Amino acid sequence: MDPQGDAPLVVLSATAVPPWLDALPDAFAVLWDRAPWVPADDRLAVELATTEIAANIVRHSPAPESVEVRAELDAGEGRVVVVLRDTAPAADVDLDRAMPPADAESGRGLALARACVDRLEHRWIAGTAGNEWLLERRVRPAGGARDR
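One point on numbering: in the UniProt record's numbering, the residue at position 41 of the sequence shown is 41, and numbering is uninterrupted.
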């Protein structure tokens with residue numbers, strides 16, 4: 001348990017259009033206000049990974065204005081966890097895909113997100129007809145190195 005206790009969950013729901021992406025930094029600001037013990041480098045890594053996945057949801061949704069999205073941000077128990085859910089068709093993703101070459105114009109998002117967090121999972125939830133992404137980063141102890 002973190003010395004500050006559990007930080008309340010921050011939820012951001014909308015449709016899969018760019019304003020949802022624009023609202024993510026404000027949602028994270030609320031989380032960091034509630035979880036001041038999370039170090040800056042961990043905050044940055046989680047925000048970057050989340051933004052990459054969220055941008056893919058918006059970019060690859062067949063009809064973004066009809067796809068519902070929800071971001072759940074939480075910090076506690078020595079970790080930051082983000083769950084992203086959408087109502088889009090099943091995403092065909094390869095979480096083990098390597099970082100593309102430097103001259104590639106796209107395809108870095110998943111590899112970059114994976115490099116920023118300790119756990120990145122995707123699953124299709126048949127009963128709800130949607131995708132769920134789980135991102136988790138362990139927060140290093142105060143003054144100590146982070147385990148990987």
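The C-beta atom is built at its ideal place from N, Cα and C for all residues, glycine as well.
Since the structure is predicted, the reported quantities are computational estimates derived from the model, not experimental observations.
Straight-line gap, residue i to residue j (C-alpha atoms, nearest Å)
i    : j    : result
L95  : T50  : 14 Å
L12  : A23  : 8 Å
A35  : G76  : 8 Å
N131 : W37  : 31 Å
R140 : D92  : 33 Å
M1   : R85  : Confidence at M1 is low in this model, with a pLDDT of 34, below 50, so the placement of that residue should be treated as unreliable; the coordinate-derived value is given next. Spanning the two alpha carbons is a distance of roughly 26 Å.
E136 : L44  : 13 Å
H60  : D26  : 23 Å
L21  : W32  : 18 Å
P39  : A115 : 17 Å
V80  : R123 : 19 Å
Residue i, buried or exposed, once every other Cβ within 10 Å from all chains shown has been counted against 16
i    : result
V117 : buried
I125 : exposed
E52  : buried
E47  : buried
D42  : buried
A71  : buried
From the options, residue whose alpha carbon lies closest to that of residue i
i    : options                  : result
A113 : V139, E68 and V82        : V82
R97  : N56, R108, R85 and T87   : R108
T87  : A27, P39, R79 and I57    : I57
E65  : P19, R123, R119 and R138 : P19
A63  : R119, P89 and F28        : P89
Beta-carbon spacing of residue i, residue j below 9 Å
i    : j    : result
V10  : L73  : yes
L134 : E121 : yes
T15  : V67  : yes
A54  : V30  : no
G78  : R119 : no
#### Entry: beta strand (DSSP E) runs wholly inside the segment 16-51, at least 3 long, in chain order
none
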